[in-house]
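Novice:
2 protein chains.
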Amino acid sequence: MTDIKKYLTEKKAVIDNALKAYLPQPEGPTADMVKAMTYSLFAGGKRLRPILCMAGAEAVGGDGIKVLPVACGLEMIHTYSLIHDDLPAMDDDQLRRGKPTSHIVFGEAMAILAGDGLLTEAFHLMTRPDVIEAFDPENLLQVIHLIAEAAGYQGMVGGQAMDIQTQGREIDPSLVEFTHAHKTGALIAAAVTSGAILSNGTEDQIKAIQTYGARIGLAFQISDDILDIEGDVINTGKGIGGDVKKGKNTYPSVFGLDNAKNVLKKTVEKALAGMEPFDQKADPLKMIATYIMKRRK
Amino acid sequence: MTDIKKYLTEKKAVIDNALKAYLPQPEGPTADMVKAMTYSLFAGGKRLRPILCMAGAEAVGGDGIKVLPVACGLEMIHTYSLIHDDLPAMDDDQLRRGKPTSHIVFGEAMAILAGDGLLTEAFHLMTRPDVIEAFDPENLLQVIHLIAEAAGYQGMVGGQAMDIQTQGREIDPSLVEFTHAHKTGALIAAAVTSGAILSNGTEDQIKAIQTYGARIGLAFQISDDILDIEGDVINTGKGIGGDVKKGKNTYPSVFGLDNAKNVLKKTVEKALAGMEPFDQKADPLKMIATYIMKRRK
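Quick mapping for you: the protein sequence lines, in order, are chains C and X. Numbering-wise, the first sequence is residues 1319 to 1615 according to the numbering used here. Numbering-wise, the second sequence is residues 1319 to 1615 according to the numbering used here.
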């Protein structure tokens, strides 16, 4: 049985090194642009999405290292979404993981552009000549399609729009799950599924991993919302109760804290049950699901 | 000899119809999101980039209609860049092509997200299963790489960052060309080159078309800056002298109006000279170069 903390730490180090290698040195006329992109990319992310991509590859017998360019592209997309979410016109957050947000450091214009740059660079990285060489090109195209769908108006961006639009007003409880599934769940599901597709998983494996991904994606957002209420600033690196102050519709705010914890537990159990057909190569995925339920930051 | 106005009008109609078909109806929880994306996409663009993509395909004996998904993806990327450029933190423009800009109509948060949604949807569209089916998958991946590079920090976004950073201060004249080439030239060059790659142009043809693209991209931006000084609001749909008021470093503002016109003429002449080896299938590309020099809007 893998030690999950060790697994996450080791994978994070590999991903951090890869991200460093993929980004250029800040020099020439675009130096400030690259600095802003790099700043947010190395502002202390847990690298959950790239880890899931690698673990998804391993679960079907693939090589986690081989899928690093796609894994890192996913982290770029996640990071861009945080930069834009933090903007004054959006959540207006000045701290993220204990550090000043991009627009505080680089100004609003540069923060918008750094986000745009990271989103675009993700697709640039995933289609580098050496990456095209490494995979079945049709698989790679399918993965790009999946990731773009999960990141776009049918996924993350759509969920963020819902989140912004429904702040401060009561909404149909069904829309809470919609918002969560789109805002966070979609990209997490795409991450783990991408790893499995690129590693030539069978149709059944890919389907099971996609379902697992949707479930832990939802679980992750619920646990995030619970931490917003119960976490402490030292562990989470951000102010507590921010969602409540903004009138956000979260699982705990709409269904109550106990119900939210219950849904979280049941969602993780379902994710684990769906992974039963897999052998020990899928242990990391199983343990990540449990980790999401128990995390304190 | 093709009638260029007729050619542009016919192509624009085909592209408008394709864009309409590619975007969903605004319904359900993401209806506002889709409305905002659609609003800017149909706010009166000339469709220069998709037309160039189709003309690039035709120039090497390919089918313009076949490359429509990529052509329309390019228009989505161009449109997203306009939405973000117009934001209060950027150029703070309230009118674009005579219509209120996205943040005026939908608010700043939704404008940011609509831009993000269009950029992401471009990559989603270009990797649809039917699009993967239609092309050599390695060619398609190469085209996505080229477009992402042209749109990202090494291209359009980098140029926009330079543009914002150098407003109101004197810069090295060489940086004017850098900014222009990146902000506008890169995506225009990628557009015409994509069409040629997807249509299996020879290496020499692709190289020649890429050079043509870089030249007319530069020419287009210079002519835009000249129109900002000499155009009238009825033809251009935007206030005149906006660049001057903002202290932008443009070709006319740095080198003078006469010099700018001279560079424009020479750049178009070079673009035309580079297309000499092509047969009459490249006539539209040749005429587009001349059109850029003479355009009044």
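For each residue, glycine too, the CB sits at the ideal point set by N, CA and C.
1. Quick one: is proline 1447 (chain X) buried, meaning 16 or more other Cβ sit within 10 Å of its Cβ, or exposed?
2. At a cut of 8 Å, does the region 1421–1436 of chain C reach the region 1348–1367 of chain C through at least three beta carbon pairs?
3. Give the secondary structure of lysine 1384 (chain X) by DSSP, where H, G and I count as helix, E and B as strand, and everything else as coil.
4. Assign aspartate 1321 (chain C) to one of two classes, buried (16 or more other C-beta atoms within 10 Å of its C-beta) or exposed (fewer than that).
5. Is the Cβ of proline 1491 (chain X) closer than 8 Å to any Cβ of chain C?
6. Flag alanine 1537 (chain C) as yes if its beta-carbon sits less than 8 Å from any beta-carbon of chain X, otherwise no.
7. Taking C-alpha atoms, which residue in X:Phe1573, X:Ala1377 and X:Thr1419 lies nearest to aspartate 1490 (chain X)?
8. Give the C-beta separation of threonine 1445 (chain X) and histidine 1402 (chain C) to the nearest angstrom, bearing in mind that I take them to be a contact with Cβ-Cβ under 8 Å.
9. Keeping to the same chain, check which residues put their C-beta closer than 7 Å to that of cysteine 1371 (chain X); ignore five residues upstream and five downstream.
10. Using the C-alpha atoms, what's the distance from aspartate 1597 (chain X) back to methionine 1319 (chain X)?
11. Could you spell out the range, first to last residue, of the alpha helix (DSSP H) harbouring glycine 1592 (chain C)?
12. Out of C:Asp1410, C:Met1351 and C:Asp1522, state which residue places its alpha-carbon closest to the alpha-carbon of tyrosine 1378 (chain C).
13. Please classify serine 1517 (chain C) as buried or exposed, where buried requires at least 16 neighbouring CB atoms within 10 angstroms.
14. For methionine 1474 (chain C), which residues in the same chain have their Cβ closer than 7 Å to its Cβ, ignoring the five residues on either side in sequence?
15. Just checking: is the beta-carbon of lysine 1350 (chain X) within a distance shorter than 8 Å of some beta-carbon in chain C?
16. Taking 8 Å as the cut-off, decide whether the C-beta atoms of aspartate 1546 (chain X) and leucine 1437 (chain C) are in contact.
17. Buried or exposed for aspartate 1561 (chain C), going by 16 or more other Cβ atoms inside 10 Å?
18. What are the residues that DSSP puts in a beta bridge with isoleucine 1418 (chain C)?
19. Is the beta carbon of alanine 1589 (chain X) sitting closer than 8 Å to the one on isoleucine 1524 (chain X)?
20. Which chain C residues sit within Cβ distance under 9 Å of methionine 1288 (chain X)?
21. If you follow the alpha helix (DSSP H) that alanine 1507 (chain X) is part of, which residue opens it and which one closes it?
22. Give me the Cβ distance between threonine 1529 (chain X) and glycine 1477 (chain X), rounded to the nearest whole Å; I'm assuming they're in contact under 8 Å.
23. Confirm, please, whether the CB-CB distance from threonine 1585 (chain X) to alanine 1537 (chain X) is below 8 Å.
24. Under three-state DSSP, which class holds aspartate 1490 (chain C)?
Specialist: The structure says:
1. As a position in the second sequence, residue 1447 (chain X) is number 129, starting the count at 1. Exposed.
2. yes
3. Translated into positions along the second sequence, residue 1384 (chain X) becomes position 66. Reduced to three states, the DSSP call for lysine 1384 (chain X) is coil.
4. As a working mapping, residue 1321 (chain C) is identified with position 3 in the first sequence. It is exposed - the Cβ of aspartate 1321 (chain C) has fewer than 16 other Cβ atoms within 10 Å.
5. For this step, residue 1491 (chain X) is matched to residue 173 along the second sequence. Not an interface residue.
6. Counting from 1 along the first sequence, the entry for residue 1537 (chain C) is found at position 219. Proximity of alanine 1537 (chain C) to chain X, defined by a Cβ-Cβ separation below 8 Å, is not satisfied.
7. Here residue 1490 (chain X) corresponds to residue number 172 of the second sequence, with the count starting at 1. It is X:Phe1573.
8. Here residue 1445 (chain X) refers to the residue found at position 127 of the second sequence. Here residue 1402 (chain C) refers to the residue found at position 84 of the first sequence. Threonine 1445 (chain X) to histidine 1402 (chain C), Cβ: 23 Å. No contact.
9. Looking up residue 1371 (chain X) in the second sequence gives position 53. Excluding positions up to five away in sequence, the list reads Val1385, Val1388, Ala1389, Leu1392, Ala1509, Val1510, Ser1512 and Gly1513.
10. Within the second sequence, the letter at position 1 stands for residue 1319 (chain X). Within the second sequence, the letter at position 279 stands for residue 1597 (chain X). Only weak support is given to the placement of methionine 1319 (chain X): the predicted model assigns it a pLDDT of 49, under 50, and the value that follows is read from those uncertain coordinates. Computed Cα separation, rounded: 11 Å.
11. Against the first sequence, residue 1592 (chain C) aligns to sequence position 274. Looking at the DSSP string, the run of the alpha helix (DSSP H) that includes glycine 1592 (chain C) is 1575–1592.
12. Reading the first sequence from its first residue, position 60 is the one you call residue 1378 (chain C). It should be pointed out that residue 1378 (chain C) corresponds to valine in this sequence rather than to tyrosine. Among C:Asp1410, C:Met1351 and C:Asp1522, the Cα nearest to that of valine 1378 (chain C) belongs to C:Asp1522.
13. Counting from one through the first sequence, the residue named residue 1517 (chain C) turns up at place 199. Answer is buried; the Cβ neighbour count reaches 16.
14. Counting from one through the first sequence, the residue named residue 1474 (chain C) turns up at place 156. Taken in chain order, the residues that qualify are Ser1399, Ala1468, His1500, Lys1501, Ala1504 and Leu1505.
15. Translated into positions along the second sequence, residue 1350 (chain X) becomes position 32. Per the sequence shown, residue 1350 (chain X) should be read as aspartate rather than lysine. Judged by the 8 Å Cβ criterion, aspartate 1350 (chain X) is in contact with chain C.
16. In the second sequence, counting from the first residue as 1, residue 1546 (chain X) sits at position 228. In the first sequence, counting from the first residue as 1, residue 1437 (chain C) sits at position 119. Result no, Cβ atoms of aspartate 1546 (chain X) and leucine 1437 (chain C) do not sit closer than 8 Å.
17. Within the first sequence, residue 1561 (chain C) is the residue found at index 243, counting from 1. Buried, since its Cβ has 16 or more Cβ neighbours within 10 Å.
18. Numbered from its first residue, the first sequence carries residue 1418 (chain C) at position 100. The question names isoleucine, yet the displayed sequence has proline at residue 1418 (chain C). Paired residue(s): C:Leu1413.
19. Position 271 of the second sequence, counted from the first residue, corresponds to residue 1589 (chain X). Position 206 of the second sequence, counted from the first residue, corresponds to residue 1524 (chain X). The answer is no: Cβ separation not under 8 Å.
20. For chain X, the structure presents residues 1319 to 1615; residue 1288 (chain X) sits outside this window and is missing.
21. Start at 1 with the first residue of the second sequence, and residue 1507 (chain X) comes out as number 189. From DSSP, the alpha helix (DSSP H) with alanine 1507 (chain X) extends over 1504–1516.
22. Stepping through the second sequence from its first residue, residue 1529 (chain X) is reached at position 211. Stepping through the second sequence from its first residue, residue 1477 (chain X) is reached at position 159. Contact between threonine 1529 (chain X) and glycine 1477 (chain X) is ruled out by a C-beta separation of about 19 Å, above the 8 Å threshold.
23. By 1-based counting over the second sequence, the position of residue 1537 (chain X) is 219. By 1-based counting over the second sequence, the position of residue 1585 (chain X) is 267. Their beta carbons are under 8 Å apart, which means alanine 1537 (chain X) touches threonine 1585 (chain X) by this criterion.
24. As a position in the first sequence, residue 1490 (chain C) is number 172, starting the count at 1. In this structure, aspartate 1490 (chain C) counts as coil in the three-state DSSP scheme.
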